[in-house]
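What follows is a set of notes on a single structure, which appears directly below.
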Amino acid sequence: MDFPRPNKDLRFLMILTIAMSIVATALLALPSNISKTKLGYRTWSSGDCKALIRNSDSYCETGDCKAILRNSDSYCDTDDCKAILRGSDSYCRTDDCKAVLRNSDSYCDTGDCKAFLRNSDSYCNTSGCKAILRNSDSYCN
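Heads up: the sequence shown begins at 1 in this note's numbering, then just goes up one per residue.
What follows is the structure, given as structure tokens:
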């Protein structure tokens, strides 16, 4: 009994679709050097929010955003940004920064900080926080 062979064009399209999905997912992910949790040290603007979700510094409105996406503290606007990228709370100026680096929400001053550390958008005070935790730039305002 002969079984029908799958159409080569259909097989090619399936492989191409899978490959494109993998590439799109990789492009939308945060840089591997920074975890989403670390973004809880500050409130992000609408443009920064989109930039962080899309992994594209062309949307950045602050130096902190560019610094995180480029993994270079030379772009940082704040000492907290330098602390996050250097992994040292001695540079922190805010309790949220210390909380993120110590991975302890007991230091948090804001709901956004708690939300990032607990990975739960129910604690978010801002739409940017929800957008980043949900990985959906439609929440960036």
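Note that the Cβ used here is the ideal one computed from N, Cα and C, for glycine as well. Just so it is clear, the structure is predicted and the values come from calculations on it, not from any experiment.
Cβ distance (whole Å) where residue i is taken to contact residue j below 8 Å
i	j	result
I84	L101	7 Å
S79	R93	In the sequence on display, residue 79 carries Asp and not Ser. D79 to R93, Cβ: 5 Å. Contact.
R135	S46	According to the sequence displayed, residue 135 carries Asn and not Arg. In fact, because the Cβ distance is near 16 Å, the residues do not count as touching under 8 Å.
C137	R54	First, the amino acid is wrong: residue 137 is Asp here, not Cys. Indeed, because the Cβ distance is near 6 Å, the residues count as touching under 8 Å.
D96	C108	6 Å
C81	A99	Not really, about 15 Å apart at Cβ, beyond 8 Å.
Candidates the options, of which the one nearest residue i by Cα
i	options	result
Y41	C124, S74 and C140	C124
L39	D137, S138, D112 and Y139	D112
S35	G128, S122, Y139 and L52	L52
T37	Y139, T126, N103 and D95	N103
D73	Y91, S58 and T43	Y91
Any C-beta of chain D under 8 Å from that of residue i
i	result
T94	In the structure shown, chain D cannot be found, because there is only a single protein chain.
Three CB pairs or more closer than 8 Å across the region 56 to 75 and the region 111 to 121: Judged by Cβ distances under 8 Å, the region 56 to 75 makes no contact with the region 111 to 121, as fewer than three pairs qualify.
Contiguous beta strand (DSSP E) assignments of at least 3 residues, all confined to the region 69 to 125: Runs of beta strand (DSSP E) with 3 or more residues, each lying fully within the region 69 to 125, are absent.
In chain order, each alpha helix (DSSP H) run of at least 4 residues that lies wholly inside the region 34 to 69: 46 to 54
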